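>
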Amino acid sequence: MSEPVVELSNVWKVFGERAGETVEAAQSGTLTKAEALDRYATVIGVRDASFSVARGEIFCIMGLSGSGKSTLVRHVNRLIEPTAGTIKVLGEDVSAMGTKELREMRSRHIGMVFQHMALMPHRSVRENVAYPLEIRGVPKSQRWAVSDHTLGLVDLQGYEDRLPRELSGGMQQRVGIARALASDPEILLMDEPFSALDPLIRLQLQDQFSELVSELKKTTLFITHDLDEAIRIGHRIAIMKDGGIVQVGTPEEIVTQPADDYVREFVQGISRLKLVRAHTIMQPLNGADRSVFADARRATGDTDLDTLIDMSVDADTPVVITEGGEDVGYISKAMLLRGIQGGK
831 MSEPVVELSN VWKVFGERAG ETVEAAQSGT LTKAEALDRY ATVIGVRDAS
881 FSVARGEIFC IMGLSGSGKS TLVRHVNRLI EPTAGTIKVL GEDVSAMGTK
931 ELREMRSRHI GMVFQHMALM PHRSVRENVA YPLEIRGVPK SQRWAVSDHT
981 LGLVDLQGYE DRLPRELSGG MQQRVGIARA LASDPEILLM DEPFSALDPL
1031 IRLQLQDQFS ELVSELKKTT LFITHDLDEA IRIGHRIAIM KDGGIVQVGT
1081 PEEIVTQPAD DYVREFVQGI SRLKLVRAHT IMQPLNGADR SVFADARRAT
1131 GDTDLDTLID MSVDADTPVV ITEGGEDVGY ISKAMLLRGI QGGK
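Going by our numbering, the sequence shown opens with residue 831, and the numbers climb by one from there.
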C-alpha cells in the first residue's frame, strides 16, 4: 500500500475546560460520555480515532447522529483542533502548520462539500464555482474556463449563468461539488452532501459522484448516517459510536463480519446479494473428486451472490470457483442460501 494521503493516529476531541484531564482518565481506564460529562463537565466528541486513507480511496465514515463523524472529519483540515493525537495530510503534520501553511493546504489540497451548500444567491452558477479561484487571485478568464469545465464534469452545461434559486436541489448540490473540484484538490471532504435530497435524485448523484471521483482519482472522506449509501459508494467504511470507531472494513467485511452487536444491528437489513463474494462462502476443493465438476459452470472468487444465483438456477451441479485459471473451490445451492442468510 502506498503512503496514505490522510492519516489520523489516536485523535481525541474533548469539549470543555477539563479536556486534558478527561483524556487522561479515559486513557487509563473506562470513561463513558455520560461519566465524562458528570465528572469533568466535558463532552467527548472523538475518542482515540485512528485510520488511514489511500490515494483515490472513498472512505466512508458513518454513524448515528451524535456519533462524532462530522467532528472527526473537520480535524482533517483543522476546522477543529484536536485535544490529542496526530493528523497527517499528504505526509505533513496538520497540527504543526502555521496560519499561512494551513490556509494554503485548505485552498489548494482540500475541497469540502456540506449538506447545505450555502451558495451565494446573488452570484451566478459560474461565479459560485469560480469563487475559490477568485480568493486565490486567479485571473477572471482562467476562473471562467475552469468553472465551465468543472460544471461540464457534473453535467451542468448550459446553466452557467443561472442563479442558484433557479436550480433544483440536486442541481444545487452538483454546483457545490463543482465548486469543491474547481481548485483541483487532491482530497475531498463530503459531509452528508446528499442526505437532504429525494431518494431517486440521491441515488443518481451517488452513482455520478462515484464515477467522477474514480475518473479524477480524488481521495475522499465521505460522511453519512446511511449504511446503504456507505455501502453503495465506499471502498471502506468506518462505523462510529459515541465518538469512537467501532469497526473499519470493506462493505463485504462490515456486512459478513460485524465486530459487535452494534454493527450487527446496523447491517441486519442490508441485502447481501451484491456484496458477498464467492471467495467468502465457497468450500475449498482440497481432496474432492474433481471429475464430478467437469461440466460445472465456473466463476471467479470475486463473483457476487446475485450472479452466482443466476448461474445456479438451471444447473444441477455446484458452481466451481477459479483463481488464476485453477479450480480452487465450489459453491452448492445450499451454500448460496446460507450466504444469503448470513450468520444464521
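Positions of the beta carbon are idealized from the N, C-alpha and C atoms, including for glycine.
Bear in mind the structure is a predicted one, so any value in this text is a computation, not a measurement.
Which residues mark the beginning and the end of the alpha helix (DSSP H) in which V906 is found?
Looking at the DSSP string, V906 is not in any alpha helix (DSSP H), and its letter there is neither H nor E.
> Nearest to L920 by alpha carbon, out of S900, R885 and R908?
R885
> Determine the burial state of K930: buried for a count of at least 16 other Cβ atoms within 10 Å of its Cβ, exposed for fewer.
exposed
> Kindly give me the distance between the Cβ atoms of D1072 and S897, rounded to whole angstroms, as I take these residues to be in contact under 8 Å.
7 Å
> Where DSSP assigns a beta bridge to V919, which residues make up the other side?
V836 and E922
> In angstroms, rounded to a whole number, what distance separates the CA positions of Y870 and Q1077?
The alpha-carbon separation between Y870 and Q1077 amounts to approximately 28 Å.
> For K1047, is the classification buried or exposed, using 16 other Cβ atoms within 10 angstroms of its Cβ as the cut-off for buried?
exposed
> Could you compute how far the alpha carbon of L983 sits from the alpha carbon of E990?
For L983 and E990, the distance between alpha carbons rounds to 13 Å.
> Locate the beta strand (DSSP E) running through R1066, then write down its first and last residues.
R1066 to K1071
> Return the chain-ordered list of same chain residues with a C-beta closer than 6 Å to the C-beta of T1080, the five sequence neighbours on each side being excluded.
R1066
> Work out the CA separation of V1150 and G875 for me, nearest whole Å.
49 Å
> What are the complete beta strand (DSSP E) segments, minimum 3 residues, inside the region 1034-1083?
1049-1054, 1066-1071 and 1074-1079
> Identify, in the order they occur along the chain, each residue of the same chain with its Cβ nearer than 6 Å to the Cβ of M1070, setting aside the five sequence neighbours on each side.
Excluding sequence neighbours, M1070 sits near G893, S897, G898 and K899.
> Three or more C-beta pairs closer than 8 Å, one from the region 1099-1114 and one from the region 1156-1170: is that the case here?
yes
> Would you report the Cα separation of E1083 and L993, rounded to the nearest angstrom?
44 Å
> For R936, which residues from the same chain have a beta carbon less than 7 Å from its beta carbon, with the 5 sequence-adjacent residues on both sides left out?
N907
> Could you have a look at E865 and say whether DSSP puts it in helix, strand or coil?
helix
> Give the secondary structure of D1125 by DSSP, where H, G and I count as helix, E and B as strand, and everything else as coil.
coil
> Whose CA, out of A1129, V1093, S925 and G1000, lies closest to the CA of F1175?
What is shown of the chain runs 831 to 1174, which leaves residue 1175 out entirely.
> Taking T916 and D923 to be in contact with their CB atoms under 8 Å, please state how far apart those CB atoms are, rounded to whole angstroms.
About 6 Å separates the two Cβ atoms, so the contact holds.
> Can V976 and A1012 be called in contact, C-beta distance under 7 Å?
yes
> Hey, would you say F1052 sits closer than 7 Å to I888, going by beta carbons?
Cβ atoms of F1052 and I888: closer than 7 Å.
> Check F1024 in the structure and name its three-state DSSP category.
Under the three-state reduction of DSSP output, F1024 falls in the coil class, being neither helix nor strand.
> Starting from the N-terminal side, write out each stretch of the beta strand (DSSP E) that is 3 residues or longer and does not extend beyond the region 1141-1167.
1149-1153 and 1156-1161
> Among the residues of its own chain, which have a CB less than 8 Å from the CB of P1015, if the five just before and after it don't count?
If we look at P1015 and ignore the five residues flanking it on each side, its Cβ neighbours are R938, H939, I940, G941 and K1048.
> In this structure, how does DSSP classify A879 when only helix, strand and coil are distinguished?
strand
> For a test of the three-state rule: what should DSSP assign to G1000, helix, strand or coil?
helix
> Alpha carbons only, please: which of L1166, D1134 and G1155 is nearest the one belonging to P1148?
L1166
> Give me the Cβ distance between T1130 and T1152, rounded to the nearest whole Å; I'm assuming they're in contact under 8 Å.
Between T1152 and T1130 the Cβ distance is about 6 Å, and since that is below 8 Å, they are a contact.
> In chain order, what are the residue ranges of uninterrupted alpha helix (DSSP H) at least 4 long that sit wholly in the region 927-994?
929-939, 955-965 and 970-983
> Count the other CB atoms, across all protein chains shown, that sit within 10 Å of the CB of L981; report buried if there are 16 or more and exposed otherwise.
buried
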